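Heads up: the structure comes next, in structure tokens.
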Ligand code: PLP
């Protein structure tokens with residue numbers, strides 16, 4: 008494809024994307040395909056000769072669109088907001104068009120320096136103090152792994168340069184809570200700490216926030232047993248019920264034992280854009296690392312996860328490589344993002360944040376987040392006002408966790424569990440809306456995650472009426 012052919016095809020495709028976004032609210036929210044259906048609908052042999060774009064567009068319409076869950080639908084309340092603002096789509100598209108290679112500063116100075124600018128913009132917008140330095144990673148899972156590696160190397164004084172963990176005299180221990188995302192234990196395991204050295208600290212019975220006294224007791228018990236506390240992973244906005252650990256108290260306890268504090272705010276980090284929500288992050292400036300995903304609620308298209316560290320010199324000592332073919336005369340004067348994480352080659356991801364912030368502006372983003380928070384409160388009030396509906400957890404942000412408790416089965420916990428899954432599946436299978444059931448504290452509930460870029464109060468009202476009528480019909 009030459010640039011003129013590209014111009015024509017791209018115009019057509021951009022029109023197609025705009026039409027898709029205009030009509031996404033009319034499509035069934037959850038993908039309606041059966042396993043293997045998409046695979047069988049596509050050619051099994053690779054094309055030897057190029058096809059016209061029209062063939063691909065026909066497949067997009069007939070196979071691909073029905074084959075995805077419509078995360079951009081205003082009636083999507085599943086999992087967590089995975090917004091892909093069109094301003095950021097333009098930045099992503101531009102990144103692909105430029106085809107820049109981020110391996111060193113010299114391979115694309117602008118790739119590095121735009122990333123420095125946008126991570127600094129977001130530091131300012133989120134009210135983090137100016138000792139934090141950030142970089143863009145693909146996901147919070149990767150960012151969490153990087154944090155666990157940095158923590159491991161701090162507590163062992165760079166064991167990687169000696170015999171690694173295999174030569175350490177005492178096991179290193181990591182602390183989190185049962186509410187932590189599954190990527191936390193995964194990072195702990197991948198970083199070599201071992202499952203035996205991962206502690207789930209006791210939490211508050213209602214808020215599910217980590218209990219700092221229990222953390223101290225657990226850390227002391229490990230020290231007494233000859234183990235070394237290495238890191239605490241606190242969560243702000245847990246995946247299930249948006250539980251928020253008390254970061255300030257955790258930082259104080261961790262400091263007593265010299266442990267790293269990583270804060271996982273993958274979804275809730277967007278709330279730091281709102282000064283009135285920063286109390287949830289109280290004490291954050293004392294942590295060692297914090298990660299949050301603009302690719303969730305804030306709406307910069309996947310993949311865009313930010314990891315800020317308070318000691319970038321330490322991080323780069325852990326991560327740096329210096330092969331001769333990457334060396335240049337400006338090394339020492341410039342930032343080399345290859346030394347801030349795992350991959351060498353990086354995309355020009357900063358462009359999607361740059362486009363998003365410059366085209367939409369921070370105020371429009373803040374307004375949207377406030378709208379979602381108000382919509383969540385609206386739903387929470389309706390749930391609380393109805394006899395047979397319960398709020399399962401305090402509504403701190405935009406996730407509303409509910410249970411329908413019909414009087415006839417109210418005393419049968421297993422029947423209640425089955426009922427939650429049934430009504431959630433019924434409304435999701437209808438395609439009208441989508442919600443996700445999950446287990447909280449050993450029992451099934453349904454999470455309503457409000458925060459699609461296009462979700463207005465009318466969509467939440469519609470959801471509530473569908474929830475009530477469906478759950479009621481299943482009871483009688
Ligand atoms: N942490 C929390 C609190 C999350 O809710 C999630 C995703 O739902 C993650 C981490 C993982 O995010 P990612 O997909 O960016 O790895």
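In our numbering, the protein residues as written are 8 to 483. Just so you know, even glycine gets a beta-carbon here, dropped at the ideal spot from N, CA and C. Being a predicted model, the structure only gives us computed values, none of them experimental.
C-alpha of residue 465 to C-alpha of residue 382: approximately 9 angstroms in a straight line. A Cβ-Cβ separation of about 20 angstroms leaves residue 293 out of contact with residue 153 under the 8 angstroms criterion.
A direct Cα-to-Cα measurement between residue 446 and residue 421 gives close to 12 angstroms.
The DSSP-derived three-state label of residue 182 is strand. Taking a C-beta distance under 8 angstroms as the contact criterion, residue 266 and residue 236 qualify as a contact pair.
Of the other Cβ atoms in all chains shown, fewer than 16 fall within 10 Å of the Cβ of residue 138; this residue is therefore exposed. Residue 183 sits buried, since 16 or more C-beta atoms from the chains shown fall within 10 Å of its C-beta. Contact between residue 119 and residue 249 is ruled out by a C-beta separation of about 34 angstroms, above the 8 angstroms threshold.
The closest CA to that of residue 244, considering only 268, 273 and 264, is found on 273.
Secondary structure within the stretch 66-122: the alpha helix (DSSP H) runs of 4 or more consecutive residues, fully enclosed, are 93-105 (chain order). Contact annotation, residue 316 with residue 289: C-beta distance approximately 20 angstroms; criterion of less than 8 angstroms not satisfied. Counted as a single uninterrupted DSSP element, the stretch harbouring residue 244 is not any beta strand (DSSP E), since DSSP gives it neither H nor E. DSSP places residue 429 within a helical segment (H, G or I) once states are collapsed to three.
Just measuring C-alpha positions, the residue of 226, 210, 252 and 376 sitting nearest residue 283 is 376. Separation of residue 459 and residue 178 (C-alpha to C-alpha, rounded to the nearest whole angstrom) is 43 angstroms. Residue 441 counts as buried, since no fewer than 16 other beta carbons sit within 10 angstroms of its beta carbon. Short of 8 angstroms from the beta carbon of residue 269, and not among the five residues preceding or following it, lie these beta carbons of its own chain, in chain order: 151, 154, 155, 158, 238, 239, 240, 241, 294, 295, 296, 297 and 298. Membership of residue 324 in any beta strand (DSSP E) is not indicated; the residue belongs instead to the alpha helix (DSSP H) covering 319-326. Put simply, of 172, 378, 208 and 319 the residue whose alpha carbon is nearest the alpha carbon of residue 201 is 172. In the structure shown, residue 225 adopts helical secondary structure according to DSSP, grouped into three states. Separation of residue 281 and residue 89 (C-alpha to C-alpha, rounded to the nearest whole angstrom) is 19 angstroms. Shortest Cα-Cα distance from residue 149 to any of 404, 42 and 198 involves 198.
Of all C-beta pairs linking the stretch 65-85 to the stretch 37-46, three or more are shorter than 8 angstroms, placing the two stretches in contact. Cα atoms of residue 275 and residue 300: separation of roughly 8 angstroms, rounded to the nearest angstrom. Of the other Cβ atoms in all chains shown, fewer than 16 fall within 10 Å of the Cβ of residue 29; this residue is therefore exposed. At a threshold of 7 angstroms, residue 147 counts as near the ligand PLP, since its beta carbon sits closer than that to one of the ligand's heavy atoms. Relative to residue 114, the option among 403, 342, 367 and 369 whose CA is nearest is 342. In this chain, the alpha helix (DSSP H) harbouring residue 482 covers 464-482. Take the alpha-carbon of residue 246 and the one of residue 59: they are about 43 angstroms apart. Look at residue 315 here: in three-state DSSP terms it is strand. Nearest to residue 330 by C-alpha distance, out of 351, 311 and 340, is 351. Here residue 461 is not near residue 35, since their CB atoms are 8 angstroms or more apart.
Relative to residue 69, the option among 84, 78 and 49 whose CA is nearest is 49. Of the candidates 286, 213 and 278, 213 places its Cα closest to the Cα of residue 398. As the crow flies, the alpha-carbon of residue 160 is around 29 angstroms from that of residue 336.
For residue 144, the uninterrupted beta strand (DSSP E) segment begins and ends at 140-144.
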